[in-house]
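S.K.:
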Amino acid sequence: MSTPNRYACLRPLIPYAVRATRIAPLAIAAAAALLLTGGPALAGGMRMTDVVLLMRAAAVLIAVGAAFVLDDPAARTTEVVPVPRWLPRAVRGALAVLCAGCAWAGVVVCGTFATNPDERPLLPAGGLTLEAVALFSLVLALAALGVRLTPGGGGALAAPGTVLCVLVAVLLPLPDAARPFAQPLSQAWDTSRWTWAVALCAAAGTAVALCREPGPRA
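Residue numbering for the sequence shown follows this note's numbering, starting at 7 and increasing by one per position.
1) Judging by CA-CA distance, which residue of Pro130, Pro127 and Ile68 is the nearest neighbour of Val139?
2) How many angstroms separate the CA atom of Thr55 from the CA atom of Glu125?
3) Suppose contacts are defined by Cβ-Cβ distances below 8 Å. Is Val66 in contact with Val204 by that definition?
4) Ignore the nearest five residues each way along the sequence and tell me which others in Leu163's own chain have a CB closer than 6 Å to its CB.
5) Candidates Ala188, Trp202, Ser198 and Phe74: which alpha carbon is nearest Ala102's?
6) Could you give the distance in angstroms between the alpha-carbon of Arg28 and the alpha-carbon of Gly99?
7) State buried or exposed for Val70, treating a residue as buried only when at least 16 other CB atoms are found within 10 Å of its CB.
8) Should Leu104 go down as buried or exposed, given a rule of 16 or more other Cβ atoms within 10 Å for buried?
9) Taking C-beta to C-beta, are Leu32 and Ala72 nearer than 8 Å?
10) Which residues in the same chain have their Cβ closer than 7 Å to the Cβ of Ala194, if we skip the five residues on either side of it in sequence?
11) Please list, in chain order, all residues of the same chain as Gly50 whose beta carbon is under 7 Å from its beta carbon, the five residues on each side excluded.
12) Hey, out of Arg154, Leu129 and Leu178, whose CA is closest to Arg218's CA?
13) How close, in whole Å, do the beta carbons of Gly133 and Met61 come, if the pair is a contact with beta carbons under 8 Å?
14) Would you give the residue range spanned by the alpha helix (DSSP H) that Glu137 belongs to?
15) If I measure Cβ to Cβ from Ala96 and keep anything under 8 Å in the same chain, skipping five residues before and after, which residues do I get?
16) Would you give the residue range spanned by the alpha helix (DSSP H) that Gly50 belongs to?
17) Would you tell me roughly how many angstroms separate the C-alpha atoms of Gly112 and Val57, rounded to the nearest one?
18) Using the beta-carbon count (16 or more within 10 Å), is Trp200 buried or exposed?
19) DSSP state of Thr234, grouped into three classes?
20) So, at 7 Å on beta carbons, what are the nonlocal neighbours of Pro179 in its own chain, with the 5 sequence-adjacent residues on each side left out?
21) Where do the N-terminal and C-terminal ends of the alpha helix (DSSP H) with Arg199 fall, by residue?
22) Run the CB neighbour count on Leu141, radius 10 Å, all protein chains shown included, and call it buried at 16 or more, exposed below.
Structure follows, in structure tokens:
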């Protein structure tokens with residue numbers, strides 16, 4: 007099949023992929039994250055360390071909500087299609103990125119207003135955004151792996167896998183310099199940013215690699 011004919015199905019593919027995406031869990035998680043930070047924003051006057059904890063919890067909620075965006079119950083019936091398999095997954099991922107990005111922007115705004123005015127300039131919104139993006143990339147990587155291992159569903163692996171990774175990172179007795187969830191203004195903060203940057207690159211690369219068409223088997 008020629009390249010122009012192969013990609014002629016993109017126009018009907020995009021609306022189908024958008025309609026078939028399981029966006030409801032992400033929408034519910036985003037609403038919960040906004041409620042989690044919106045209440046303190048109305049009250050205001052919270053300490054920065056408490057706001058950082060709430061924003062991290064909101065980031066985990068949004069990430070876990072995105073665990074089901076790559077699920078495709080009709081995967082068995084759409085194995086032979088005139089477009090690469092990664093295209094509908096890319097559409098689903100782009101929709102999830104858009105929804106999660108809007109939700110996180112609201113969390114940052116709420117977190118800023120919830121922080122004590124004297125500490126607002128110290129709120130590390132950029133560093134927390136790096137954590138949120140890395141967690142989101144980890145979820146997509148686990149979801150793509152789940153889609154590879156189980157036909158049509160990756161959320162059953164991505165959701166508990168992400169929660170397990172977060173619990174291990176929080177509860178594991180690591181040295182202060184190696185803790186990923188370091189406190190702002192601490193000596194381990196800059197080191198933890200590098201840890202999250204490496205995790206982001208690794209997770210994003212893994213997600214892209216797993217979403218590609220699997221190689222032919224002998």
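C-beta: ideal position from N, C-alpha, C; glycine also.
M.R.: A quick look at the data gives this:
1) The residue given as residue 139 occupies position 133 in the sequence shown. Looking at Pro130, Pro127 and Ile68, the one whose alpha-carbon comes closest to that of Val139 is Ile68.
2) Mapped onto the sequence shown, residue 55 falls at position 49. Mapped onto the sequence shown, residue 125 falls at position 119. Glu125 has its alpha-carbon roughly 10 Å from the corresponding atom of Thr55.
3) Numbered from 1 along the sequence shown, position 60 holds the residue referred to as residue 66. Numbered from 1 along the sequence shown, position 198 holds the residue referred to as residue 204. It is not a contact, given that the beta carbons lie outside the stated cut-off.
4) Along the sequence shown, one-based indexing puts residue 163 at 157. In chain order, Leu148 and Gly152 place their CB closer than 6 Å to the CB of Leu163, counting only its own chain and leaving out the 5 sequence neighbours on each side.
5) Against the sequence shown, residue 102 aligns to sequence position 96. When each option's Cα is compared against that of Ala102, the closest is Phe74.
6) Working through the sequence shown from its first residue, we reach residue 28 at position 22. Working through the sequence shown from its first residue, we reach residue 99 at position 93. The straight-line gap from Cα to Cα measures roughly 11 Å.
7) Numbered from its first residue, the sequence shown carries residue 70 at position 64. Val70 comes out buried.
8) Along the sequence shown, read from residue 1 onward, the residue named residue 104 stands at position 98. Exposed, since its Cβ has fewer than 16 Cβ neighbours within 10 Å.
9) Residue mapping note: residue 32 aligns to position 26 of the sequence shown, counting from 1. Residue mapping note: residue 72 aligns to position 66 of the sequence shown, counting from 1. Yes, they are a contact pair.
10) Start at 1 with the first residue of the sequence shown, and residue 194 comes out as number 188. Around Ala194, the same chain offers Asp182, Ala183, Arg185 and Ala188 as residues with beta carbons nearer than 7 Å, after the five sequence neighbours per side are excluded.
11) Translated into the one-based positions of the sequence shown, residue 50 becomes position 44. Answer for Gly50: Phe119 and Ala120, listed in chain order.
12) Locating residue 218 in the sequence shown gives position 212, counting from the first residue. Looking at the Cα atoms, Arg154 is the closest of the given residues.
13) In the sequence shown, the residue the question calls residue 133 occupies position 127. In the sequence shown, the residue the question calls residue 61 occupies position 55. So it is not a contact: roughly 10 Å between Cβ atoms.
14) Mapped onto the sequence shown, residue 137 falls at position 131. Note, Glu137: alpha helix (DSSP H), Ala131 to Leu155.
15) On the sequence shown, position 90 is the one that residue 96 refers to. For Ala96, where only same-chain residues beyond five positions count, the Cβ hits under 8 Å are Cys217.
16) Counting from 1 along the sequence shown, the entry for residue 50 is found at position 44. Here Gly50 belongs to no alpha helix (DSSP H), and DSSP marks it neither H nor E.
17) On the sequence shown, position 106 is the one that residue 112 refers to. On the sequence shown, position 51 is the one that residue 57 refers to. Roughly 14 Å between the two C-alpha positions.
18) If you number the sequence shown from 1, residue 200 lands on position 194. Exposed, since its Cβ has fewer than 16 Cβ neighbours within 10 Å.
19) Residue 234 lies beyond the range of the chain shown here (7 to 224); nothing can be said about it.
20) Within the sequence shown, residue 179 is the residue found at index 173, counting from 1. So no residue of the chain qualifies.
21) What you label residue 199 is simply residue 193 of the sequence shown in a count that begins at 1. It spans Trp195 to Cys217 - the alpha helix (DSSP H) in which Arg199 sits, taken as one unbroken run.
22) Taking the sequence shown and counting its residues from 1, the one referred to as residue 141 is at position 135. Buried is the call here.
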